[in-house]
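>
Residue numbers (the working numbering), protein chains in the order written: chain A, 898 to 1212; chain B, 898 to 1212.
Written out as structure tokens, the structure is:
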């Protein structure tokens, strides 16, 4: 009897051909596009997908023809498998692209599993991410008539070892002598304000997380020129969480040096490697920044692997 | 930080007025009435509820005007609360009658819960019971934006201490000298064959469970005149699981003495206290049985409380 650990994430196109599948599945998700009628939602998803696919394909082309998310997740899975050992099976389930939940379930059903752990790769809780991934996985478990004691890991932004990994990674990505003159911006993926108004915990968790990290930096005597929170990735005309990363960069431009930490992500994806590292880098240059750097997500960082191992073993 | 344990069950009318609510909620459940379109399902549920309410009310009237399920569940909850102590909050969530999942969630949200355990009162897995209750609870957690690490306990028909409680309870309900001349019938709530054909695990689990209990009785040197499995509660014209309890009683009538164990239930309800103890008792009399007795469900039996405590602490 083995234990199983499944890492849940949104997924990302594994090739340019998968871009439209990714968009279609994402906009068919009732947590992303909250249209109650499934047929209407499908139609709207189809229209959005049609319009966005060529632009998104062009962006993924600049990343080498695919999202980095799945391969980073594979590395993390391998590192966790090695750390947890033979008593465990570690696998992935993505929400919008392969490997899908039903594939993970088929794989795990061939073994004898005594306890299943579902670990969302989202440290902050949101209906649009955590709940969407967990509900999808449990629905496929039910459809596959697979019944095993299952632990769904909640948010973990306050988990001490996880935050030690983040602080270490920030310090690994900046020269000590540059800290005092650099503005550190925690950049979180944004959400429509309407989602937050319905009670979603995301903004609360992000804000609490930034406070924890600020305190840890202070206690280590690490003093940046400024530390702020901003939200990236806004699309559409609706009001999204604020301040935007664009306005934060504008406001902080006196410092001339920015270090961006992608606080909502644990593995790199098109939002970190295309938006932050290419698009916002361009804006920073236009705003006159001398230096603009993005800390990579933790991916398979040994301290992150340690933190997740501890978290799973204590759950 | 406390741990929370929620006992999940179908519920039952707490008064004659709640009979139609119970039926309406039950037949509106897509796991019970698998009609994909929600409006059509609601209409059919309304028709069934209209027709069945007066008959069901008459049955509940014979049980003192309500189902015994919720009060037995309350006693079990109290016993578990006492056993688990102050570190835990134990509560109930019913699928079709109060107390509903959203009420349990509201109660638990006022405390600080570090880990939530969902324990279906169904020892065998079925989409119609386990999945229905678990999905309902998780949906309300998501709607309440309540995020906490959550363990969903799977089936537990093979759990050693649970089966020791069952065997002890059987032996507590029969005189030793009557065992050799009595037919023991494990009676399980039936399901439409079509549900099983779609892959539901219920029949497999029931059959495996009966084999385990037979083996335990044999190893204790307890030899009934016969030990069999039958299914009760069939409604409608469709094919249900077989053999029916009625046909089993007919086939076993040469023994003249029957002891019925309600294997699918952990707490008594209208199926045990009305169907088994009144309706089938009447049939047994007609068939010429000298003795027909029903073992109560485990309810708050100390060995059951022990077993559940162990199960939760090991999960």
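The beta-carbon is built from N, C-alpha and C at its ideal position, and this holds for glycine as well.
Note that the coordinates shown come from a computational prediction; the quantities given were computed from them, not determined experimentally.
Straight-line CA distance for residue 1044 of chain A to residue 902 of chain B?
Position 147 of the first chain, counted from the start, is the residue given in the question as residue 1044 of chain A. Position 5 of the second chain, counted from the start, is the residue given in the question as residue 902 of chain B. Going by the C-alpha atoms only, they are around 19 Å apart.
> How should residue 1081 of chain A be labelled, buried or exposed, when 16 other C-beta atoms within 10 angstroms of its C-beta is the threshold for buried?
The residue labelled residue 1081 of chain A in the question sits at position 184 within the first chain. Classification of residue 1081 of chain A: buried, given that the 10 Å Cβ count is 16 or more.
> Is residue 1192 of chain A close to chain B, meaning its C-beta is less than 7 Å from at least one C-beta of that chain?
Translated into positions along the first chain, residue 1192 of chain A becomes position 295. Judged by the 7 Å Cβ criterion, residue 1192 of chain A is not in contact with chain B.
> Counting only beta-carbon atoms, is residue 1160 of chain B nearer than 7 Å to chain A?
One-based indexing of the second chain puts residue 1160 of chain B at position 263. No - not a single Cβ of chain A is within 7 Å of the one on residue 1160 of chain B.
> With a CB to CB cut of under 6 Å and the five nearest residues on each side skipped, what residues in its chain are close to residue 924 of chain B?
As a working mapping, residue 924 of chain B is identified with position 27 in the second chain. Excluding positions up to five away in sequence, the list reads 930, 942, 945.
> Who are the neighbours of residue 977 of chain B on chain A, taking C-beta pairs under 8 Å?
For the purposes of this step, residue 977 of chain B is identified with residue 80 of the second chain, where counting begins at 1. Ordered by position in chain A, no residue passes the 8 Å Cβ test against residue 977 of chain B, which lies about 18 Å from the chain.
> For the segment 1042-1066 of chain B, which residues have a beta carbon sitting closer than 7 Å to at least one beta carbon of chain A?
Cβ contacts with chain A: 1042, 1044, 1045, 1046, 1047, 1048, 1049, 1050, 1051, 1052.
> Quick one: Cα of residue 1007 of chain B to Cα of residue 1138 of chain B, how far?
Position 110 of the second chain, counting from 1, holds the residue named residue 1007 of chain B. Position 241 of the second chain, counting from 1, holds the residue named residue 1138 of chain B. The straight-line gap from Cα to Cα measures roughly 44 Å.
> Touching or not, the segment 1033-1051 of chain B and the segment 998-1012 of chain B, by the rule of three or more beta carbon pairs under 8 Å?
Yes, the segment 1033-1051 of chain B touches the segment 998-1012 of chain B.
> Can you tell me whether residue 965 of chain B is buried or exposed? The criterion is at least 16 other CB atoms within 10 Å of its CB, across all chains shown.
Counting from one through the second chain, the residue named residue 965 of chain B turns up at place 68. Buried.
> Per DSSP, which residues does residue 1123 of chain B bridge with? Please list them.
By one-based count along the second chain, residue 1123 of chain B stands at place 226. Per DSSP, B/1080.
> Taking the straight line between their C-alpha atoms, what separation do you get for residue 1134 of chain A and residue 1025 of chain A?
As a first step, residue 1134 of chain A is located in the first chain; it is residue number 237 there, counting from the start. As a first step, residue 1025 of chain A is located in the first chain; it is residue number 128 there, counting from the start. Whole-angstrom Cα-Cα distance: 19 Å.
> Bridge partners for residue 948 of chain B per DSSP, in chain order?
Numbered from 1 along the second chain, position 51 holds the residue referred to as residue 948 of chain B. The partner list for residue 948 of chain B (beta bridge, DSSP) is empty, contrary to what the question assumes.
> For residue 972 of chain B, which option in B/1204, B/1201, B/1209, B/1197 has the closest C-alpha, if you only look at C-alpha atoms?
Translated into the one-based positions of the second chain, residue 972 of chain B becomes position 75. Checked all of B/1204, B/1201, B/1209, B/1197; the closest Cα to residue 972 of chain B is B/1197.
> If contact is defined by three or more beta carbon pairs under 8 Å, each pair taking one atom from either stretch, is the segment 1143-1157 of chain A in contact with the segment 1186-1205 of chain A?
The segment 1186-1205 of chain A vs the segment 1143-1157 of chain A: in contact.
> By the 10 Å Cβ neighbour count, where 16 or more other Cβ atoms means buried, how is residue 992 of chain B classified, buried or exposed?
Looking up residue 992 of chain B in the second chain gives position 95. By the 10 Å Cβ count, residue 992 of chain B comes out buried.
> Can you tell which of B/1124, B/1095, B/1091, B/1092 has the C-alpha that lies nearest to the C-alpha of residue 1218 of chain B?
It is not possible to answer for residue 1218 of chain B, since the shown part of chain B is limited to 898 through 1212.
> Determine the DSSP secondary structure at residue 1190 of chain A, reduced to helix, strand or coil.
Working through the first chain from its first residue, we reach residue 1190 of chain A at position 293. The answer is strand: DSSP assigns residue 1190 of chain A an E or B state.
> Three-state secondary structure (DSSP) at residue 981 of chain A?
Numbered from 1 along the first chain, position 84 holds the residue referred to as residue 981 of chain A. Helix.
> Are the segment 1110-1117 of chain B and the segment 1058-1077 of chain B in contact at 8 Å, needing three or more beta carbon pairs?
Contact between the segment 1110-1117 of chain B and the segment 1058-1077 of chain B is present, because at least three Cβ pairs lie under 8 Å.
> Which residue wins for smallest C-alpha separation from residue 1001 of chain B, given the options B/976, B/904, B/1102, B/983?
Looking up residue 1001 of chain B in the second chain gives position 104. Among B/976, B/904, B/1102, B/983, the Cα nearest to that of residue 1001 of chain B is on B/904.
> Give a yes or no on whether the minimum CB-CB distance between residue 1016 of chain B and chain A is below 7 Å.
Numbered from its first residue, the second chain carries residue 1016 of chain B at position 119. No, no contact with chain A.
> May I have the straight-line CA-CA distance separating residue 1207 of chain A from residue 1201 of chain A, to the nearest angstrom?
Residue mapping note: residue 1207 of chain A aligns to position 310 of the first chain, counting from 1. Residue mapping note: residue 1201 of chain A aligns to position 304 of the first chain, counting from 1. Between residue 1207 of chain A and residue 1201 of chain A, the C-alpha separation is close to 10 Å.
> Does the pairing of the segment 1166-1179 of chain A with the segment 1065-1078 of chain A give three or more beta-carbon distances under 8 Å?
They do not touch, by the three-pair rule.
> If you follow the alpha helix (DSSP H) that residue 1159 of chain A is in, where does it begin and where does it stop?
Numbered from 1 along the first chain, position 262 holds the residue referred to as residue 1159 of chain A. First-last for residue 1159 of chain A: 1154-1159, but that is the beta strand (DSSP E), not the alpha helix (DSSP H).
> Anything in the segment 996-1023 of chain B with a Cβ closer than 7 Å to a Cβ of chain A? List those residues in chain order, please.
Within the segment 996-1023 of chain B, the qualifying residues are 1022.
> If we define contact as Cβ-Cβ less than 7 Å, is residue 1039 of chain B a contact residue for chain A?
Reading the second chain from its first residue, position 142 is the one you call residue 1039 of chain B. Judged by the 7 Å Cβ criterion, residue 1039 of chain B is in contact with chain A.
> May I have the straight-line CA-CA distance separating residue 1176 of chain A from residue 1068 of chain A, to the nearest angstrom?
Start at 1 with the first residue of the first chain, and residue 1176 of chain A comes out as number 279. Start at 1 with the first residue of the first chain, and residue 1068 of chain A comes out as number 171. Near 24 Å, if we compare the C-alpha coordinates of residue 1068 of chain A and residue 1176 of chain A.
> Near residue 998 of chain B, which residues of its chain fall below 7 Å by C-beta distance, leaving aside the five closest residues on each side in sequence?
Counted from its first residue, the second chain places residue 998 of chain B at position 101. If we look at residue 998 of chain B and ignore the five residues flanking it on each side, its Cβ neighbours are 990, 1033, 1034, 1037.
> In chain order, which continuous runs of the beta strand (DSSP E) of length 3 or greater are located wholly inside the segment 1005-1045 of chain A?
DSSP runs (the beta strand (DSSP E)) wholly in the segment 1005-1045 of chain A: 1010-1017.
> Can you check DSSP and say which residues form a bridge with residue 900 of chain A?
Your numbering for residue 900 of chain A matches position 3 in the first chain. Looking at the DSSP assignment, residue 900 of chain A forms a beta bridge with A/985, A/1012.
> Under 7 Å between the Cβ atoms of residue 1127 of chain A and residue 1103 of chain A?
On the first chain, residue 1127 of chain A is found 230 positions in, with the first residue counted as 1. On the first chain, residue 1103 of chain A is found 206 positions in, with the first residue counted as 1. No.
> I need the straight-line Cα distance from residue 1071 of chain B to residue 1188 of chain B, nearest angstrom please.
Sequence index remark: in the second chain, residue 1071 of chain B carries index 174 (1-based). Sequence index remark: in the second chain, residue 1188 of chain B carries index 291 (1-based). Straight-line Cα distance between these residues: approximately 11 Å.
> Would residue 1212 of chain B count as contacting chain A if we go by Cβ distances under 7 Å?
Taking the first residue of the second chain as 1, we reach residue 1212 of chain B at position 315. Judged by the 7 Å Cβ criterion, residue 1212 of chain B is in contact with chain A.
> For chain B, is any of its Cβ atoms less than 7 Å away from the one on residue 1094 of chain A?
Here the question's residue 1094 of chain A lines up with position 197 in the first chain. By this cut-off, residue 1094 of chain A is not an interface position.
> Which of the three DSSP states, helix, strand or coil, is assigned to residue 1056 of chain A?
If you number the first chain from 1, residue 1056 of chain A lands on position 159. Note: residue 1056 of chain A maps to coil in three-state DSSP.
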